[in-house]
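This report concerns only the one structure given below.
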Amino acid sequence: MSLFNIFNVSGSAMSAQAQRLNTTASNLANADSATSPTGEAYRAKAVVFEAVPQQSGATAVRVREVVEDPSPLKQVYDPKHPLADEKGYVSMPNVNVVDEMVNMMSASRSYQTNVETMNAAKTMLLKTLTLGS
Amino acid sequence: MIGKIDQYLGFHETALSLRAQRQELLASNIANADTPNYKARDIDFNSALQSALASKGSAGPLATTNNGHMGRGAPTGDMLANGTPVLYRGVVQGSVDGNTVDMDVERNQFADNGLRYEAGITMINHQIKGLLAAIQGQ
């Protein structure tokens, strides 16, 4: 029954988008974290989505990996900061707040769309169950 | 007698099965709207239904004379369980990451296909009611 596969496909997209939202949340939360367990400033993280073909012909989606933004850290001049180097600069996270906000909106919209897709499939299945009554 | 009932319900049964499979493809497109390099896929419902009804297997995709022709993309080489060829959707506006899902088109087609599925269910329900009325003779 192929309508049931829609639950798998939309469900996979929902969990992938939720993970993307999670990443965005951690980027925004750490936008000012000057240090981390590695000793370096926090680096922005991003998810990489991957299409996963299903046996039924449908295509689900999953997060293949979470990558760190390799762009250089922001250098902020603040000689009083305990982590400042000899020239008075502190390395701050390379999180771009505008990018993160855009990502957040895109992820939450995509999530909503997939919830609607799932709801539509549910309505169709329920309607099918009324056959002959 | 049973064969006749089968014929009587056959058209909508075939159509519903195709609609359900198409809905699955459209859901895949919506799910992969943010996946880089994902190409949106769909079936040509008209020719798929005709070839399914004729039970001659696949009629193949319609010929296009221009890359800009909408709705009839290049064949993906994949097929549905009943031999219907799956096509790539024609690209109207490309995107930088190689993804060809146009959310407006997909949502539109998804709603349309869902509604037609429910219409099919309603039709088959009426056919069953008609049969029952004939059997009971009331």
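Going line by line, the protein sequences match chains A and B. Each residue of the first sequence is one higher than the last, beginning at 1260 in the numbering used here. Each residue of the second sequence is one higher than the last, beginning at 193 in the numbering used here. Even for Gly, the Cβ is constructed at its ideal location relative to N, Cα and C.
Val1361(A) and Leu1280(A) have their alpha carbons spaced roughly 11 angstroms apart. A straight line joining the alpha-carbon of Leu1388(A) with that of Leu279(B) spans about 31 angstroms.
Against chain B, the beta carbon of Ser1369(A) has neighbours under 7 angstroms at Ala225, Asp226, listed in chain order. Pro1341(A) counts as exposed, since fewer than 16 other beta carbons sit within 10 angstroms of its beta carbon.
If you draw a straight line from the Cα of Arg1368(A) to the Cα of Ala225(B), it comes to about 11 angstroms.
For the options Ile313(B), Ala207(B), Ser220(B), Ile235(B), the alpha carbon positioned closest to that of Asn291(B) is the one of Ser220(B). Contact between the stretch 1345–1357 of chain A and the stretch 1283–1290 of chain A is present: 3 or more CB-CB pairs across the two stretches fall below 8 angstroms. Along the stretch 1333–1365 of chain A, the beta strand (DSSP E) occurs as fully enclosed runs of 3 or more residues at 1333–1336, 1348–1351, listed in sequence order. Of the other Cβ atoms in all chains shown, fewer than 16 fall within 10 Å of the Cβ of Met1364(A); this residue is therefore exposed.
Remark: C-beta atoms of Arg281(B) and Asp234(B) approach each other more closely than 7 angstroms. In the same chain as Met1383(A), and ignoring 5 residues on each side of it, the C-beta atoms closer than 7 angstroms to its own belong to Leu1262, in chain order.
Rounded to whole angstroms, the gap between the alpha carbons of Asp198(B) and Glu310(B) is 20 angstroms. Taking 7 angstroms as the cut-off, the beta carbon of Tyr1370(A) is found no closer than this to the beta carbon of Gln1278(A).
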